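Asker:
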Amino acid sequence: MEKTTLVQFIRSQEKLADGATGNFTGLMNEILVAAKIVSLEVNGAGIGESIFGLTGKINVHGEEVQKLDELADNTFCNLVGQSGTVCAITSEEQEEPIIIPKDQAGKYIFMMDPLDGSSNVDVDVSIGTIFSIYRKKSPGDEVTQEDLLQKASEQVAAGYIIYGPSTLFIYTSGKGVHGFTLDPTLGEFFLSHPNIKIPERGSWYSINEGNMETWDPNQRLYVDYLKEKDPDTHRPYKLRYIGSLVADFHRTLLKGGIFMYPGDSKNPEGKLRFLFEAAPLAFVVSNAGGAASDGVKRILGQTPTDVHQKSPLFIGSTNEVELAESMLKK
């Protein structure tokens, strides 16, 4: 049976769009090339010249930068930045947006967490890249705050790449969520998970219970509720937590349930980045039939006020997210 490559799939989707110019396909092609390069480096980490460990630098969030963070950030910035399809790039690892020279600029804004979970690479846990694409809104050539701080629902596309036992590329352009697996022999991503739909409800929850002492009382009540035995409501739920956002989210997307990273007494606004993590994954899950919230408001209904703004995140099956919202508001 003939297999569909990621490039073929994107081209077929772009043909359905009115006024398509091929720029979106060009941008996605650079993203997937960068993904292949990072996948190769991650899978070869520890062999030859070591790319484990720290660079000695501190990023804008006050976190120590891993060597793989820097490698992934440079790879995506260089390839996407030279594609002629974007006018700006914002990265979790970069304090300021990268503005592309006007004579090389396109109409898209590219946002990313270049390597989520990189601190886990030396223990061989799946890690990944999260990305988001917006279209420039403001008139003229200048990139403005209006372009960089758009409502989350205005994303053109979003997705993530998992570097694990296999390399998976999951994305949506608003017409369903589709997954592609990298064939390392051929160097091509092939369609392996067409039209992913998250179950309406699940029996799994994912949260770092090591932070329980810092949670809001209603957050504790919700987790306690999930643990109680009640066959009529499919409880108790089972805890599954890896500590790598892309891996935990991917399992939730396929199996159903809920992933939670709440705000707490130490970090009332949460720790996940709105533009680089919460918004892209919210766009993915909503196009798969699920939901994403900060515990009070839906993520896709929000407009950030800062590029590095943080947010709590409750994401997964609609049933579980709605239940979380109702219990957290009590």
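Its first residue numbered 2, the sequence shown is counted upward by one per residue in our numbering. Where a beta carbon is used, it is the ideal one built from N, C-alpha and C, also for glycine. Values in this document were obtained by computation on a predicted structure and should not be read as measured data.
1. Could you tell me whether the Cβ atoms of phenylalanine 77 and proline 115 are closer together than 9 Å?
2. Which whole-angstrom value is the C-beta distance of phenylalanine 284 and alanine 153, which I expect to be below 8 Å?
3. Jot down the residue ranges of each uninterrupted beta strand (DSSP E) in the stretch 277-318, minimum 3 residues, whole runs only, in chain order.
4. Among the residues of its own chain, which have a CB less than 8 Å from the CB of glutamate 15, if the five just before and after it don't count?
5. How long is the line joining the alpha carbons of alanine 248 and serine 127, rounded to whole angstroms?
6. Identify, in the order they occur along the chain, each residue of the same chain with its Cβ nearer than 7 Å to the Cβ of threonine 5, setting aside the five sequence neighbours on each side.
7. Between asparagine 30 and the rest of its own chain, which residues show a CB-CB distance below 7 Å, the 5 nearest in sequence each way excluded?
8. Work out the CA separation of lysine 311 and aspartate 117 for me, nearest whole Å.
9. So serine 204 and arginine 241 are supposed to be a Cβ contact under 8 Å. How far apart are they, rounded?
10. Can you give me the Cβ contacts of isoleucine 197 inside the same chain, cut-off strictly under 8 Å, excluding the 5 residues immediately before and after it?
11. Would the beta-carbon of valine 297 fall within 9 Å of that of leucine 329?
12. Count the CB pairs spanning the stretch 316-327 and the stretch 259-271 that are closer than 8 Å, and state whether there are at least three.
13. Could you check where the beta strand (DSSP E) with aspartate 1 kicks off and where it finishes?
14. Expressed to the nearest angstrom, what Euclidean distance is found between the alpha-carbon atoms of isoleucine 38 and methionine 112?
15. Evaluate glycine 45 with the Cβ neighbour count: other Cβ atoms within 10 Å of its Cβ, from every protein chain shown; 16 or more gives buried, anything less gives exposed.
16. Report all residues from its chain with a CB closer than 7 Å to the CB of lysine 138; omit the five preceding and five following residues, and keep chain order.
17. Could you check where the beta strand (DSSP E) with asparagine 212 kicks off and where it finishes?
18. Would you list the one or two residues that DSSP bridges to lysine 239?
19. Please confirm whether threonine 86 and lysine 58 have their CB atoms less than 9 Å apart.
20. Just verifying my parser: in three-state terms, what is the DSSP assignment at glutamine 105?
21. Can the beta-carbon of isoleucine 131 be found closer than 9 Å to that of proline 313?
22. Closer than 6 Å by C-beta to alanine 159: which residues in its own chain qualify, once you throw out the five before and the five after it? Chain order, please.
Answerer: Taking the structure as given:
1. Counting from 1 along the sequence shown, the entry for residue 77 is found at position 76. Counting from 1 along the sequence shown, the entry for residue 115 is found at position 114. With contacts defined as CB atoms closer than 9 Å, phenylalanine 77 and proline 115 qualify as a contacting pair.
2. Within the sequence shown, the letter at position 283 stands for residue 284. Within the sequence shown, the letter at position 152 stands for residue 153. That belief holds up - the Cβ atoms of phenylalanine 284 and alanine 153 are roughly 7 Å apart, short of 8 Å.
3. Correct list: 292-294, 314-317.
4. For this step, residue 15 is matched to residue 14 along the sequence shown. Sequence-distant Cβ neighbours of glutamate 15 in its own chain, meaning closer than 8 Å and more than five residues away, are Ala21, Gly23, Phe25, Thr26.
5. As a position in the sequence shown, residue 248 is number 247, starting the count at 1. As a position in the sequence shown, residue 127 is number 126, starting the count at 1. Roughly 6 Å separates the two Cα atoms.
6. Reading the sequence shown from its first residue, position 4 is the one you call residue 5. If we look at threonine 5 and ignore the five residues flanking it on each side, its Cβ neighbours are Phe191, Leu192.
7. Indexing the sequence shown from 1 puts residue 30 at position 29. Once the five neighbours on either side are set aside, the close Cβ partners of asparagine 30 are Val8.
8. Taking the first residue of the sequence shown as position 1, residue 117 is located at position 116. Taking the first residue of the sequence shown as position 1, residue 311 is located at position 310. So the alpha carbons of these two residues sit roughly 15 Å apart.
9. Numbered from its first residue, the sequence shown carries residue 204 at position 203. Numbered from its first residue, the sequence shown carries residue 241 at position 240. Taking C-beta atoms under 8 Å as the contact rule, serine 204 and arginine 241 fail to qualify, at a distance of about 10 Å.
10. Locating residue 197 in the sequence shown gives position 196, counting from the first residue. Within the same chain, isoleucine 197 has close Cβ partners Ile171, Gly177, Val178, His179, Gly180, Leu254, Leu255, Ala289.
11. Translated into the one-based positions of the sequence shown, residue 297 becomes position 296. Translated into the one-based positions of the sequence shown, residue 329 becomes position 328. For the 9 Å CB-CB criterion, valine 297 and leucine 329 form a contact.
12. Contact between the stretch 316-327 and the stretch 259-271 is present, because at least three Cβ pairs lie under 8 Å.
13. This structure leaves residue 1 out entirely; the chain is present only between 2 and 331.
14. As a first step, residue 38 is located in the sequence shown; it is residue number 37 there, counting from the start. As a first step, residue 112 is located in the sequence shown; it is residue number 111 there, counting from the start. Their backbone Cα atoms lie some 18 Å apart in a straight line.
15. For this step, residue 45 is matched to residue 44 along the sequence shown. Burial call: exposed.
16. The sequence position of residue 138 within the sequence shown is 137, counting from 1. Cβ neighbours of lysine 138 beyond the five flanking positions: Glu147, Asp148, Gln151.
17. Along the sequence shown, one-based indexing puts residue 212 at 211. No beta strand (DSSP E) contains asparagine 212, which DSSP labels as neither H nor E.
18. Counting from 1 along the sequence shown, the entry for residue 239 is found at position 238. For lysine 239, which the question treats as bridged, DSSP gives the partners Trp205.
19. Your numbering for residue 86 matches position 85 in the sequence shown. Your numbering for residue 58 matches position 57 in the sequence shown. Taking 9 Å as the cut-off, the Cβ atoms of threonine 86 and lysine 58 do not count as close.
20. Reading the sequence shown from its first residue, position 104 is the one you call residue 105. Correct three-state label for glutamine 105: helix.
21. As a first step, residue 131 must be located in the sequence shown, where it is residue number 130. As a first step, residue 313 must be located in the sequence shown, where it is residue number 312. Not a contact, by the Cβ cut-off of 9 Å.
22. The residue labelled residue 159 in the question sits at position 158 within the sequence shown. For alanine 159, the CB contacts under 6 Å within the same chain, skipping 5 residues up- and downstream, are Ser133, Pro281, Phe284, Val285 in chain order.
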